[in-house]
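Each remark here refers to the structure printed beneath this line.
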């Protein structure tokens, strides 16, 4: 716990994230035969460079402004995605779509709607031919979020193997425990015409009779995930969902008018989430560039 007469708590947080502090810690590391370690008994003696308290507070306030903006954007992204998922459930799970009051329903099927096996409405692991470029976007399983559409840290990497995907595809984890944990992402970070590749432990879902946003929201539903979980086979800890499980899962196919109305709402929502994520990436980069310069005193406050 910092002494408030000597150190600002927020400043210390950023200091401990800085290269300055990392260099201090590295100077105390004990090299082992298999694992290096930090002597915790000497931790109280690790030196900490503290500028004047007023300067600490200024530095902390400057860096906190970036974090506050990123957190505000993150909250907006959560609310936006939740609004899209709620609309999906309202229209395509509870069937309270626009005009439902005046639509005839026969054996549970609204007039003008269809209900088909998943592969008829959604392409499962569609074939994609990668360009002749040496590098392509690559998504690891670790990049797929459990509670958001945003794929965090795709990178360009040499190679051509793995699952292939394009913008608008949904990536759906197939292996335990990633499937149970909800790892699912929406691809929208590439340039037009680009394709990417990634882990073979996720399934690529592409819209056919429905929209890309519809596919993503469907993949986030409990029933869709449970259907995949029940199909898992393999040794303990390495079980995988089977592609064949989707043949048994029926998907609502609404008429084009309803799909168009759904797109009118969800396409701008997904685009705004993408823009907010890009803003956060720029803010994070700016903060990371600023942090060492403030801590070293290169930039005076």
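Residue numbers (the numbering used here): 1 to 301. For glycine and all other residues, C-beta sits at the position ideal for the given N, C-alpha and C. Here the structure is a predicted model, which means the values were calculated and not measured.
Could you have a look at residue 150 and say whether DSSP puts it in helix, strand or coil?
DSSP places residue 150 in coil when its eight states are reduced to three.
Assuming residue 110 contacts residue 95 (C-beta within less than 8 Å), just tell me the rounded distance between them.
Contact between residue 110 and residue 95 holds: CB atoms are separated by about 6 Å, below the 8 Å threshold.
Across which residues does DSSP place residue 85 in a beta bridge pair?
For residue 85, DSSP records no beta bridge to any residue.
I'd like to know whether the C-beta atoms of residue 266 and residue 215 end up nearer to each other than 7 Å.
Residue 266 is not a Cβ neighbour of residue 215, given a cutoff of 7 Å.
Look at residue 287 and residue 66 and say whether their C-beta atoms are less than 7 Å apart.
Yes, Cβ-Cβ distance for residue 287 and residue 66 is below 7 Å.
Measure from the alpha carbon of residue 160 to the alpha carbon of each residue in 51, 180, 199, then state which is nearest.
It is 199.
Going by DSSP, name the residue or residues bridged to residue 252.
Partner residues in the beta bridge of residue 252, as assigned by DSSP, are 115.
Using CA atoms only, rank isn't needed, just tell me which of 212, 208, 167, 172 is closest to residue 191.
The candidate whose alpha carbon is nearest that of residue 191 is 167.
Which residues in the same chain as residue 290 place their Cβ atom closer than 6 Å to its Cβ, once the five residues preceding and following it in sequence are excluded?
Answer for residue 290: no residue qualifies.
Under the rule that 16 or more other beta-carbon atoms within 10 Å means buried, what is residue 132, buried or exposed?
It counts as exposed.
Does residue 171 come out as helix, strand or coil in the three-state DSSP assignment?
Residue 171 carries a strand assignment under DSSP once its states are collapsed to helix, strand and coil.
Which ranges does the alpha helix (DSSP H) cover as unbroken runs of at least 4 residues, wholly within the region 175-235, from first to last along the chain?
Unbroken alpha helix (DSSP H) runs of no fewer than 4 residues, entirely contained in the region 175-235, are found at 178-181, 212-219, 222-230, following chain order.
Excluding the 5 residues flanking residue 259 on each side, which residues of the same chain have their C-beta closer than 8 Å to its C-beta?
210, 211, 214.
Assuming contact is defined by CB atoms lying nearer than 7 Å, are residue 185 and residue 229 in contact in what I supplied?
Judged by their CB atoms, residue 185 and residue 229 are not nearer to each other than the 7 Å cut-off.
By DSSP, does residue 42 sit in helix, in strand, or in coil?
Three-state result, residue 42: helix.
Within 8 Å, do at least three Cβ pairs link the region 264-278 to the region 230-244?
With a cut-off of 8 Å, the region 264-278 and the region 230-244 do not count as touching, because too few Cβ pairs lie within range.
Could you tell me the alpha carbon to alpha carbon distance between residue 145 and residue 124, rounded to whole angstroms?
Cα to Cα, the separation comes out at about 20 Å.
Residues in its own chain within less than 7 Å of residue 255 by CB, not counting five upstream and five downstream?
These residues qualify, in order along the chain: 112, 113.
Short of 8 Å in beta carbon distance, which residues of its chain neighbour residue 115, apart from the five on each side in sequence? Order them along the chain.
Taken in chain order, the residues that qualify are 109, 250, 251, 252, 253.
Given residue 135 as reference, the closest of 147, 157, 129 once Cα atoms are compared:
For the options 147, 157, 129, the alpha carbon positioned closest to that of residue 135 is the one of 157.
Can you look up residue 265 in the DSSP assignment and give me helix, strand or coil?
The answer is helix: DSSP assigns residue 265 an H, G or I state.
Since residue 93 is in the beta strand (DSSP E), which residue starts that stretch and which ends it?
Taken as a continuous stretch (DSSP letters only), residue 93 belongs to no beta strand (DSSP E), as it is neither H nor E.
What does a CB cutoff of less than 7 Å around residue 261 pick up in its chain, not counting 5 residues either side in sequence?
Exclusion of the five residues before and after residue 261 leaves 98 as the residues of its chain whose Cβ lies within less than 7 Å of its Cβ.
Coarse secondary structure for residue 126, derived from DSSP in three states:
Three-state result, residue 126: coil.
Output the distance between the C-alpha atoms of residue 280 and residue 220, rounded to the nearest integer angstrom.
Roughly 24 Å separates the two Cα atoms.
In whole angstroms, what separates the C-alpha of residue 55 from that of residue 9?
The alpha-carbon separation between residue 55 and residue 9 amounts to approximately 13 Å.
Rounded separation between residue 302 and residue 92 - CA only:
In this structure the chain extends from 1 to 301, so residue 302 is not present and cannot be described.
Following a CB-centred definition, is residue 6 positioned closer than 6 Å to any heavy atom of the ligand HEM?
Absent from the structure shown: the ligand HEM. Ligands present: none.
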